[in-house]
Structure formats: C-alpha cells, structure tokens
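First up is the structure itself, then whatever we jot down about it.
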Amino acid sequence: MADGKIVQSNLFANNNAKLGSGGEIHQTVEGDHSTLTTNQGLAISDNQNSLKANPRGPTLLEDFILREKITHFDHERIPERIVHARGTGVHGYFELTSSLKDYTTAKILTEVGVQTPLFTRISTVAGGSGSVDTPRDVRGFAVKFYTKEGNWDLVGNNIPVFFIQDAIKFPDLIHAVKMEPDRGFPQSATAHDTFWDFISLTPESMHMVMWIMSDRTIPRSLRMIEGFGVHSFRLINEQGDSTFVKFHWRPKLGLQSTIWDEAVKIAGADQDFLRREMFEAIEAGNYPEWEFAVQLFSQEEADKFPFDHLDPTKLITEELVPLKVIGRMVLDQWPNNFFAETEQVAFCPSHVVPGIDFSNDPLLQGRLFSYLDTQLSRLGSSNFHQIPINAPKCPFANHQRDGHMQMNQPTGRVAYEPNSLSENSPRESSNGFHSATVNESGDKGRIRPESFADHYSQARQFFISQNEYEQAHIASALAFELSKVEYLHIRLAMVAHLLNISEELANRVGNALGLSEMPEAAKTVTKAQEMPPSPALQSIGNMKETLQGRCIGILIADGSDATAINNVKKAVVNAGANAKLIGPKIGGAKLSDGAIQKIDGQLAGTPSVLFDAVVVILSTDVAKQLSVEAAAIDFIRDAYGHLKAIAVDKGGELLMKAANLASDKGVLNALDVEAFIAQAKTRQWDREKMVRTLA
Ligand code: HDE
-4 MADGKIVQSN LFANNNAKLG SGGEIHQTVE GDHSTLTTNQ GLAISDNQNS
46 LKANPRGPTL LEDFILREKI THFDHERIPE RIVHARGTGV HGYFELTSSL
96 KDYTTAKILT EVGVQTPLFT RISTVAGGSG SVDTPRDVRG FAVKFYTKEG
146 NWDLVGNNIP VFFIQDAIKF PDLIHAVKME PDRGFPQSAT AHDTFWDFIS
196 LTPESMHMVM WIMSDRTIPR SLRMIEGFGV HSFRLINEQG DSTFVKFHWR
246 PKLGLQSTIW DEAVKIAGAD QDFLRREMFE AIEAGNYPEW EFAVQLFSQE
296 EADKFPFDHL DPTKLITEEL VPLKVIGRMV LDQWPNNFFA ETEQVAFCPS
346 HVVPGIDFSN DPLLQGRLFS YLDTQLSRLG SSNFHQIPIN APKCPFANHQ
396 RDGHMQMNQP TGRVAYEPNS LSENSPRESS NGFHSATVNE SGDKGRIRPE
446 SFADHYSQAR QFFISQNEYE QAHIASALAF ELSKVEYLHI RLAMVAHLLN
496 ISEELANRVG NALGLSEMPE AAKTVTKAQE MPPSPALQSI GNMKETLQGR
546 CIGILIADGS DATAINNVKK AVVNAGANAK LIGPKIGGAK LSDGAIQKID
596 GQLAGTPSVL FDAVVVILST DVAKQLSVEA AAIDFIRDAY GHLKAIAVDK
646 GGELLMKAAN LASDKGVLNA LDVEAFIAQA KTRQWDREKM VRTLA
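Using my numbering, you'd call the opening residue of the sequence shown number -4 and step up by one each time.
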C-alpha cells in the first residue's frame, strides 16, 4: 500500500445478499493519489496556514478544512484494552504437519500442508498501551487464524495456568494489579500493596504466583516465549465424539529470559525493547517460529487425574499427557499500520470453527461473554468484524443489518430467515457449528466444586521442578515484590501461604525479608498432595544453547584492532547472531588499519543490557581514557553482573580491571573466537552467587 493512499471499503463488491463473499473486503480507489484532499475528496491548496480574517487576525470558523482535520485528530485514540493494552502484532501463517482427523472435523487441524493466514498479538497485561515492554508480567499470546471455515481465535498466555478459578473474580484481580486508584501508580507492576493484598487473600492464586515470580515473566524476546491456550477445550470428530484438548506453542529459538536487574535497566535503555527486537527480526527475514502442539485426553482419563482439569489454576504435565506436535506458526509480516491492525484487532475466545468447542472451565465460560462485550466499547460498533484485520477471509453472510459504521450496502428486500422471496439469501447448513453433546445435571447454585479445593500441590510441584538457579530467582522475586509491600500483615500472609508450598522457600523469603518471626502456615481445606517433579516445567534448565536470534555488542573506539573486530564479527554472524558495534561517537571509529568503521550505537545510549554477550576491543590508550567513563565501566560491569560471556583484548582487560571484575570461565580472550561463541550461547549461572545475594 503506497504511503498516504486512501483505502476505502469496497461498497460495490459487497452489495448483494452474499455479503463479503469472495474475501475481497477492501480495495484501493483507482487513480492518482498524489493530491492532498479532505475526506470528501476536495483538493487542498494550502496545508500550512489556517484561514484568517487578515494575516495577523483571528481564525475564521468558516475554515472547514482546519475543522475537519482537527476534529479527526481529536478522535484518533480509542479506548485502550482494559487489560493487555500494550501489545505487538505480526502477520504470519499456520501450517499443519500432522492431521487430527480422528479427533476433529476442523479443516485447519485436518488438512496437512495447508497454510492458514493468521495475526498474532503478544502483550503485557497490567500496563497501559504506552507502558514499557519489560515489566515483570504475564505475556498475552493471542492468535487469530483466518480459516476457510471462519475465524478461530486462540487467546492464550505464556503461562499455562491462571490466578483465579471463576470469571466473577476477574475484575477484582485486575483492579488489584493495575495502578492504585487514589495515586495512579505503579504502572505495570505487581510489586505493590493492592496486588499482594488480593493475592494473599486468594489461595487459589498460589500456583500462578510461582509462575509469575519465575523468570518466565521477564522474557528476553517475544520470540522466546511459550504460549498456552490455558483452558481445556473440546475437539469434535465426524461421529460427534468429543476429546479434551490443551493447546501449546513452543518457540523454535527456545525459552530465554532476562535477569531481573537487567529487565529493569532495559526499561530505561529502550522502552520498546521487545517490540523493536521483533520488528528488527522480521525486517531482517529472521521469521519467528513456534511449534504447535496438543495434549489430548478423554473424559475417562481426566477422571483419573489427581486434580480437576476444568480448574484453570491446574496444568496437565507433559509426563501425564505427552505433547503431540501437529503444526507450526511462522510470523513473517509486520503490519502496515499499527493502529489499523494491532490496535483494532479484536480477539474473542468465542470465535471457534466447527469441530472445536468449549469445556466447562468457569473462567473460559466468563471469557466467552467478556471479549465480545469489550469490543463493543473499544471499537464502538457491533460492526467491528468488518474492520479488515477482523474480517474473516472466507465468505460470510447473514441477516444482521445496519448499526454504527456499517460498511456494507446490502441490496434487496430480504433481511430475515426463513424467507420465500430470495433464493440466494444465506441459510443454515448442517455442516455448521455444533456443540458437543454433553449431559448436564445437578443442583443449580453459586458453588465452587470440591475438586477445585487443592491450591498448593501444583504450586509445590512447580517449585520443586525448577533447578537451583530458578528456585533462587523465584525466592528473590518474592522477596523483592514483598519488600515493596508496606503492610507487614500482607507480607506475613504471603509467607504463610509459602509454608504450604515449600518450607524451604518460605524460610528463604522470610529470611530475605528480615522477618523477626515466621507466621503459622495458612489454613488449608485440603492437604497438599506430593506430585513428582516435572523437568519440562523448567525454563533455564530447558534453554537452548544457541546464538540464533541473539545479539552481540562489540565495544570499539579509535585505534581498535581491525582484524580482531572483523574476526569476531564474522564468527558471531556465522553462528546465527546479530553483531552490533558500539563506540563513543556515532560518527564512527578510525581503526588500527586507518579505515573508518561505522558504529551502530553510541556507547552512552547503548548499554550492554541490550545484548546477550559482549566483546571489548580497545587500544590500551583508549581503554585508559574509558576507564573513567561511567558508560564504559557500566557496559562491562553490567554484562558481568548479568552473567554474560565477555571477550576482551588487552584494552578490554584494562577496562575489566578498572571495573574491578574478576576473570572466570565466561571471560575470554577476544582472539579465541570459538571459545567465546561457546560461552555466549548460554549464561554464566555459576557466576551469579559471586555478584548478587539471592534469597
Ligand atoms: Fe483476557 N481479556 N480475560 N485472559 N485476555 C482481554 O479483551 C477476560 C484471561 C487474554 O491481544 C480483554 O479485547 C476475562 C485468561 C489476552 O487483544 C477482556 C477473564 C487468558 C488478551 C478480557 C480473562 C486471557 C486478553 C481486554 C477471566 C489466558 C489480549 C481487551 C474470565 C488464557 C488479546 C480485549 C489481544 C484481553 C477479559 C482471563 C488472555 C476485557 C473476563 C485466563 C491474550 O475482554
């Protein structure tokens, strides 16, 4: 689409009873678009000056061109999402690699090799649309598949469980986590009183608390997170039999997170770090990819689980029901326009296709109402499905009519069904959507099932499944968050819950908080069950040792060794990473061979938190000068503190000394490129206890 071109609805393509048929929903008005016009097509002769009574006189009300422009501008913003306001969206496709024909009639899950277009939006939950990318927060993972049988929205998160068991608690949870209503802060942070107050009074949240305090909520890249449908859904096959299913996305680049101190500093260095990283990857043709997997299980199998799969605070471990990989998603096209696509996209868990159905998960049941309702207030019209990003790419037709911003111009007399006046008007079809045949009986009431009463077993299972570094990060995150809580009774109430999860964890957190006395364990209805550790729940433990998708920062300056720079850069790029040169001046650096080397980032504005590993190649003279430069010292000290591999030449060694850093196996000679690459593929986890006290 050419810049500035006006794209308008194709009124005339949609003007028969088969609304939107043929998938052609928008068309560019043909002709020359080089003249600036009003929205009525009137050519504008002066876009610099408003109409005035005289050159220095008042502006005239008559200036309809000014008024149209300002009025439109005044209404540019629409209400942001009440949750998940901050998001990054990308187009791509889904390709099925293994058919689920025995389980479902959904074509998207049975037609192997077919590519289905999709739009994926990854978001934070708590912050406003202009908030930073890297707070500790759950990431939303929403995918809209434009299938042949209608749009299917899989609206999930990067964590497989949720805080609450019943939709009626959602507004309370969100009010507790969002900025506090009297003071208007904190923006996008759980580390405050109201959040922990609510959580401490909500034992069902404890499993989710373990996940949000883990490194999963501080991802290194949107390309390095998992996605989960969270709830159990149903698949329905041709015979009408249904099977339960859980959906999973697994990133090809593996899982990777930042260190908490790093995430905090990234927020200062680049508010848009994750969005920019995604944008740059796609621009460079490094298309993010995920495997799509399912866990399938019958009602009989579910009856034997030691928990209720309808409870969204529970997950089904891979050891209990293995994952079956059935497809892949590739994101390969950045939207043309952020507002038109990423902002206006409207996901609804109720958007399913024949062969996919819902379970009775009470959280999912509430969501089936909420999303359609929220689109009405956000997008302002029940015609939001006509916006190109939301419109199905298959024919769709019905007798719904009129309403705000109606883009279609139906013809004919018939807007009802059944009718005898129009042969071509849309009618129901036996291949359409059918709900699973399920027998429902029992007493009506506002009742939490007893099978939802165990709040600690899986929280404990998650904690004991983590490796020692991950456990230390969870304990430290809890200590950090609770240290921001002003009320002692809230801290104590949380530690009382932790005692039911793991005494060791509770003691570590209690100790880090400096509690003078430990509380009693929180009262429980059900005793926690012993569940075996599930190594698949680790993230550091399952990190891929790779440089694919990673970025290496190379600090250079005037006089730096040209050969050393080229060698390391080449090796890093060959290993699949991006290399960026950082120097004191953006104009470039005159290297040892006299050539001027272009620089990608100025040292003061490009700290090492933006990289996965760093190299420092400096002449000894320049290194001495930089030894009193805070940005240079911070560059190497933070890289060290964030457990990154560091390669140095003689000048780099001087900087290490000035920063008072000891050598270890992650500190390498810049000439030994291979050794550096091997260490850069991971983090120096053993270094952590040397640089920070963890709980
Ligand atoms: Fe959402 N959620 N949610 N949520 N949610 C919204 O819909 C809601 C829940 C999720 O990128 C809203 O369009 C209720 C679980 C994502 O546009 C709203 C409940 C999961 C996104 C809403 C939940 C999610 C949303 C706000 C409890 C993971 C962003 C704007 C019953 C499985 C989608 C909007 C995007 C967005 C309601 C719980 C994921 C208000 C009532 C559980 C990824 O309708």
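Every residue, glycine too, gets a C-beta built ideally from N, C-alpha and C.
In this text, all values refer to a predicted model and were calculated from it rather than measured experimentally.
Alpha carbon of residue i to alpha carbon of residue j, nearest angstrom
i	j	result
ALA335	ILE213	28 angstroms
HIS21	GLU338	Note on HIS21: pLDDT 40, under 50, position unreliable in the model; the coordinate value appears next. Cα to Cα, HIS21 sits roughly 18 angstroms from GLU338.
LYS684	GLU257	16 angstroms
HIS28	GLN35	14 angstroms
SER587	LEU666	16 angstroms
VAL686	TYR635	8 angstroms
VAL289	ILE77	30 angstroms
GLU199	MET513	22 angstroms
VAL567	ALA279	16 angstroms
ARG178	ASP188	12 angstroms
MET489	PRO527	24 angstroms
GLN404	SER293	47 angstroms
LEU196	ALA186	16 angstroms
GLU63	ASN385	27 angstroms
ALA360	PRO413	A small fix is needed here, since residue 360 is Gln in this sequence, not Ala. When rounded, the distance between both Cα atoms is 31 angstroms.
LYS102	ARG396	29 angstroms
LEU149	TRP244	11 angstroms
ASP69	GLY589	54 angstroms
ARG362	THR308	15 angstroms
ARG682	MET324	36 angstroms
Limits of the beta strand (DSSP E) - the one that residue i falls within
i	result
LEU576	573 to 578
PRO357	No beta strand (DSSP E) holds PRO357; the alpha helix (DSSP H) holding it covers 357 to 374.
ASN664	662 to 664
SER237	237 to 246
ASP352	351 to 353
SER118	110 to 119
Closer than 8 angstroms: residue i CB and nearest ligand 1 heavy atom
i	result
PHE428	no
THR369	yes
ARG362	yes
ASN152	yes
ARG76	yes
PHE223	yes
SER200	no
VAL340	yes
TYR98	no
HIS243	no
LEU358	yes
ARG373	yes
HIS226	yes
GLY135	yes
ILE384	no
GLY123	no
Whether residue i touches residue j by CB criterion (9 angstroms)
i	j	result
ALA559	LEU542	no
ALA137	PHE364	no
VAL610	LEU550	yes
GLY82	ILE60	no
VAL347	PHE428	yes
ILE382	TRP329	no
ALA162	LEU305	no
ILE672	MET651	no
THR601	ALA264	yes
GLY322	SER93	yes
SER209	HIS450	no
GLN182	GLY123	yes
LEU269	LEU326	no
THR238	THR99	yes
ALA552	VAL617	yes
ALA523	SER446	no
GLN674	ALA608	yes
ARG131	GLU476	yes
MET219	LEU250	yes
Limits of the alpha helix (DSSP H) - the one that residue i falls within
i	result
PHE671	668 to 675
TRP206	201 to 207
LEU168	165 to 172
GLU296	294 to 299
GLY263	255 to 264
Residue-level contact to chain E via CB, residue i, 9 angstroms cutoff
i	result
ASP595	Of the protein chains in the structure, only one exists, and it is not chain E.
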